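Notes follow once the structure below has been shown.
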Amino acid sequence: MQKILIIRLSSMGDIVLTSPIIRSLKLQQRAEIHYLLRPQYSDVLKNNPYVDRIIPYSRSFSEIVLKLKSEEYDFIVDLQGNLISSLLKYKLKKKAFTIKKETIKKLLFIYFNINLLNSHVVDRYFKVLSSLKTINDNKGLDFFLEKKIKFDFDIPPNYIAWSIGGSYDNKQLSVDQISSVCDSLSIPIVFLGGTKEEIKVEKIRNKSKHKSIHNLAGKLSIDQSAFFIKNSLLVLTNDTGLMHIASSFKKIILSFWGCTKPNQGFRPYMADESSREIVYQPSYAPCSKYGKRCKWSKSGCVKNIKPELIINNLNEILLESI
């Protein structure tokens with residue numbers, strides 16, 4: 096049996112986006128799959144049956160090289176494509192298949208509104224493996240939950256899950272936008288996110304007239320957050336990792352975009368066909384590569400999305416699909 100090392104060190108959403116590669120290599124190559132990532136993201140793959148071993152990159156560089164050399168891999172699939180992964184490949188001296196970063200194309204898109212990317216990042220990953228005849232099975236993303244997930248609080252039977260986080264504030268809707276949308280709803284809303292979002296949800300709760308807001312931001316594990324996403328009526332989300340977990344469950348997703356754009360290749364992948372994207376676009380081009388910098392507003396142009404537009408789309412989804 097072949098032994099394959101996949102390298103993708105971070106982050107949560109990016110690792111979820113590699114799950115079709117993991118599955119296809121495992122089933123089509125009949126290989127033993129090892130996955131190298133940052134330790135804080137190990138829970139993303141801990142229940143994945145297609146991963147035989149998770150290797151946290153928690154040691155020194157020299158220690159991790161010794162560990163990987165001892166495994167004697169047949170080849171490496173580098174989906175990170177940065178300096179660390181390049182140095183690891185150099186030290187391991189094994190055949191490697193590496194993602195192209197497409198830096199020039201990304202810069203052309205950001206600064207000149209010329210989009211030559213033209214494909215989802217998952218499809219770009221599969222191009223890396225074209226010579227291996229490993230193909231996309233078109234089954235979408237994977238996220239595997241623990242068999243038993245326990246909570247010490249009551250769960251509403253029907254609710255909307257809302258992921259309000261994001262790697263940068265410029266990618267997040269504001270308290271005013273969200274509270275206005277909440278005022279239009281009677282369905283319970285479960286807010287998800289990290290510890291940074293816990294205070295933001297409390298501000299939303301205090302500002303909104305909605306009577307059933309559940310603040311679970313900063314209180315849940317990745318698995319517990321995924322459970323709430325899986326069992327929700329639909330998911331509202333910024334461009335964030337939980338959006339990709341929602342895609343893995345084929346949920347209806349209403350996603351919000353500003354400084355980053357879905358046509359960069361990171362839109363919800365094979366989510367429910369009723370999903371929608373609300374994009375603030377004075378230009379079709381993204382403001383910056385990861386959404387840290389905005390061309391149009393100091394606080395991020397996603398905050399220019401009108402709450403009424405969100406409400407109208409949400410009501411149409413609820414009327415048509417729920």
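Counting in my numbering, the sequence shown runs from 96 upward without gaps. Glycine included, C-beta positions come from ideal geometry on N, C-alpha and C. Here the structure is a predicted model, which means the values were calculated and not measured.
Reducing DSSP to helix, strand and coil, say where residue i ends up.
i, result
"Asp173", "strand"
"Tyr145", "coil"
"Thr113", "coil"
"Glu167", "coil"
"Ile308", "strand"
"Asp264", "helix"
"Met96", "coil"
"Gly395", "coil"
"Lys295", "helix"
"Ser303", "coil"
"Lys121", "helix"
"Phe248", "coil"
"Gly313", "coil"
"Leu140", "coil"
"Ile36", "Any property of residue 36 remains undetermined from this structure, which presents the chain solely from 96 to 417."
"Lys162", "helix"
"Ser157", "helix"
Just checking residue i against the ligand FMN - is the residue's beta carbon closer than 7 Å to any of the ligand's heavy atoms?
i, result
"Ile199", "Judged by which ligands are present, the structure shown has none, so any question about the ligand FMN falls away."
Which residues share a DSSP beta bridge with residue i?
i, result
"Trp257", "Phe286, Leu331"
"Leu131", "Ile102, Ile150"
Thinking C-beta only, is residue j closer than 8 Å to residue i?
i, j, result
"Tyr136", "Lys121", "no"
"Ser350", "Met338", "yes"
"Leu287", "Leu328", "no"
"Ile373", "Pro363", "no"
"Asn143", "Phe221", "no"
"Gly360", "Leu212", "yes"
"Pro402", "Asn231", "no"
"Leu104", "Leu140", "no"
"Thr229", "Ser106", "no"
"Pro381", "Lys346", "no"
"Ile244", "Asp318", "yes"
"Pro283", "Ser262", "no"
"Lys164", "His129", "no"
"Gly289", "Gly313", "yes"
"Lys387", "Asn265", "yes"
"Gln267", "Val111", "no"
"Glu293", "Ile259", "no"
"Leu236", "Ser342", "yes"
"Ile101", "Ile117", "yes"
"Leu311", "Val330", "no"
"Ser394", "Ile205", "no"
"Leu408", "Arg371", "In the sequence on display, residue 408 carries Asn and not Leu. Yes."
"Ala366", "Phe323", "no"
Could you tell me which whole alpha helix (DSSP H) segments of length 4 or greater appear in the region 361-388?
none
Please give me, in chain order, every unbroken run of the beta strand (DSSP E) with length at least 3 that falls completely inside the region 268-292.
284-287
Can you check the region 319-354 for any alpha helix (DSSP H) of at least 4 residues that lies completely inside it and give the ranges in chain order?
336-343
So within the region 181-246, which uninterrupted alpha helix (DSSP H) runs reach at least 4 residues, ignoring any that extend past its ends?
198-207, 216-223
Hey, is the region 186-204 in contact with the region 160-176, meaning 3+ C-beta pairs nearer than 8 Å?
yes
Answer yes if the region 293-311 comes into contact with the region 271-281, meaning at least three C-beta pairs across the two stretches below 8 Å, and no otherwise.
yes
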